[in-house]
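One structure below.
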Amino acid sequence: MDSSSHAHPGSELTEMELRVRALETLLVEKGYVDPAALDALVETYEHRVGPRNGARVVARAWADPAFREWLLRDATAAIGADETFGFRGRQGEHLVALENTPCVHNVVVCTLCSCYPWPVLGLPPVWYKSAPYRSRAVIDPRGVLAEFGVTLPADTEIRVWDSTAEIRYMVVPMRPAGTDGWTEERLAALVTRDSMIGTGLARPPAGFEEGGR
Amino acid sequence: MNGAQDLGGMMGFGPIDPEADEPPFHADWERRAFAVTLAMGFTGRWNIDMARQARERLDPARYLSSSYYEIWLEGLVRLMLERGLVTREELAAGRSLAPALEGVAALPAAGVAAALGRGGPTKRAATSPARFAPGDAVRTRVIHPQHHTRLPRYLRGKAGRIVAVHGVHVFPDSSAQGAGESPQWLYCVRFEADELWGPDTTASSICADCWESYLETPGP
């Protein structure tokens, strides 16, 4: 909270801000929540857990055939083990990795709510939780992909995964050509959040370098 | 329940509109709403299935016109009121007007990392053999329960094939009602897209996780 919003409550705060602030005050007074714990929860998902986690997992799968095999066989163990990444826990208790190939393109959605693999991708973007995506991904995934600028060959099988249970899915996108011999760190920079949901592809190296980042 | 949350196959919501470089939160109230919802969940007064059911019980018009964290807040308030943790008067006043419910322990800041790391695994020990195996043909049952279910409408009464067996998991339909975990075998089922949508689809197949009681052996 910045000091200006304390100085002029009501004049600057929206109705939702006032309502949530009142709720938090009440719950702290009751002793049901610890405000420092709330700070820690926000800090975790705003700054520490996000799609860079998943990008590291994908980069290792591209670079290390034994890890790829483990990931596709038991993603929960391969991603969560202390000796690999230790990405585990809430909304990633049971993970499955889906590998894209020239024949099969996987897309993940949760039509019923917003199930998403938090330990590897962080919190879902607004569009993933929204009615347009949740309604259309299962019936018109090619139309959805077109809105993300992705067009796949007509004979590519589009396989949509509706997250109806506590199994959380992440996509392993295809490794871009022209990346032979790259380090995992360099490879990870090509892995976008959307490529791990299935609404995007990994960045090609040339475009990536032209973009300068 | 056949609520507004069950969106698969609906039409008319418009374009998806992804935001470039989207931040995790769009306003400070979203940060606090997210954290308060998680923290109250850690008090153990309800489970994740009850939380989902509370959100789904929102009036459909309200559900579809609310932002995601507004829906979370509505669900949270409903759960707290139902369990006597707070009163409407206290919510309106924004302060405590009565003693707190006894035995409710706040998650301490020092416990956040461990609590998130533990998560809430739903896998349980098997006490009976699985009825189905990969490759088996199945059909989903036609059900329309009044309570929470994880079988979406577009997947009811449809033919599919088992592609994976996930083990035995807590059954949300039971858990959401406070009727116990009643764990069941959970399967990944693949449905051909034309079985679900006829010619009006650009999907090839849909995979969804289905509990054993959602499934039956197809008739001859």
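Heads up: the sequence lines are chains A and B, in that order. 193 is the number that full-length UniProt numbering gives to position 193 of the first sequence; each next residue is one higher, with no gaps. 20 is the number that full-length UniProt numbering gives to position 20 of the second sequence; each next residue is one higher, with no gaps. The C-beta atom is built at its ideal place from N, Cα and C for all residues, glycine as well.
Item                                                                                                                           : Value
CA-to-CA distance, B/Asp28 to A/Met1, given in whole angstroms                                                                 : For A/Met1, the predicted structure reports a pLDDT of 39, less than 50, and the residue's modelled location is therefore unreliable. The matter cannot be settled from this model.
Ranges of the alpha helix (DSSP H) found wholly within the region 102 to 144 of chain A, counting only runs of at least 4      : 118 to 121, 126 to 129 and 131 to 136
Residues that B/Ala164 bridges to, as DSSP identifies them                                                                     : B/Cys188
A/Tyr32, DSSP secondary structure in three states                                                                              : coil
Closest residue to B/Gly135 among B/Glu74, B/Arg190 and B/Leu151 (Cα-Cα distance)                                              : B/Arg190
Cβ distance (whole Å) where A/Glu166 is taken to contact A/Cys103 below 8 Å                                                    : Not confirmed; about 29 Å, so no contact.
Any chain B beta carbon closer than 8 Å to A/Pro132                                                                            : yes
The region 168 to 180 of chain A / the region 96 to 114 of chain A touching (three or more Cβ pairs under 8 Å)                 : yes
Range covered by the alpha helix (DSSP H) that runs through A/Ala188                                                           : Glu184 to Ala188
Residue-level contact to chain A via CB, B/Ser66, 8 Å cutoff                                                                   : no
Selection from B/Glu89, B/Thr87 and B/Thr37 that minimises the alpha carbon distance to B/Glu70                                : B/Thr37
Beta-carbon contacts of A/Gly211 that lie in its chain and below 6 Å, excluding the five residues immediately before and after : Confidence in A/Gly211 is poor, its pLDDT being 41 and thus under 50, which makes the residue's placement unreliable; the coordinate value appears in the next sentence. Answer for A/Gly211: no residue qualifies.
Local conformation of B/Trp46 per DSSP, three classes                                                                          : coil
Rounded C-alpha distance that separates A/Ala202 from A/Tyr133                                                                 : 20 Å
Closest by C-alpha distance to A/Asp180, when choosing among A/Asp140, A/Gly54, A/Val144 and A/Ala63                           : A/Ala63
A/Ile79 at chain B interface by Cβ criterion, 8 Å                                                                              : no
Cβ distance (whole Å) where B/Thr140 is taken to contact B/His169 below 8 Å                                                    : Actually they are not in contact, since the Cβ atoms of B/Thr140 and B/His169 sit about 17 Å apart, beyond 8 Å.
Below-8 Å beta-carbon distance, A/Cys103 vs any chain B residue                                                                : no
B/Met50 vs B/Ala176 beta-carbon contact at 8 Å                                                                                 : yes
Residues, ordered as in the chain, of the region 132 to 146 of chain A that lie near chain B by beta-carbon distance below 7 Å : Pro132, Tyr133, Arg134, Ser135, Val138, Ile139, Asp140, Pro141, Arg142, Gly143 and Val144
Three-way DSSP call (helix, strand, coil) for B/Ala208 in this model                                                           : strand
Min CB distance A/Gly89 to chain B below 8 Å                                                                                   : yes
Top-ranked residue by Cα proximity to A/Leu95, from A/Glu15, A/Tyr116 and A/Val107                                             : A/Tyr116
Element boundaries [beta strand (DSSP E), containing A/Met170]                                                                 : Ile167 to Val172
Assigned secondary structure, B/Arg52 (DSSP; H/G/I helix, E/B strand, else coil)                                               : helix
For B/Asp194, the nearest candidate out of B/Glu30, B/Pro129 and B/Ile206 (CA to CA)                                           : B/Ile206
Continuous alpha helix (DSSP H) stretch holding B/Glu195: start and end                                                        : Ala193 to Trp197
Beta strand (DSSP E) runs contained entirely in the region 89 to 162 of chain B, provided each spans 3 or more residues        : 137 to 140
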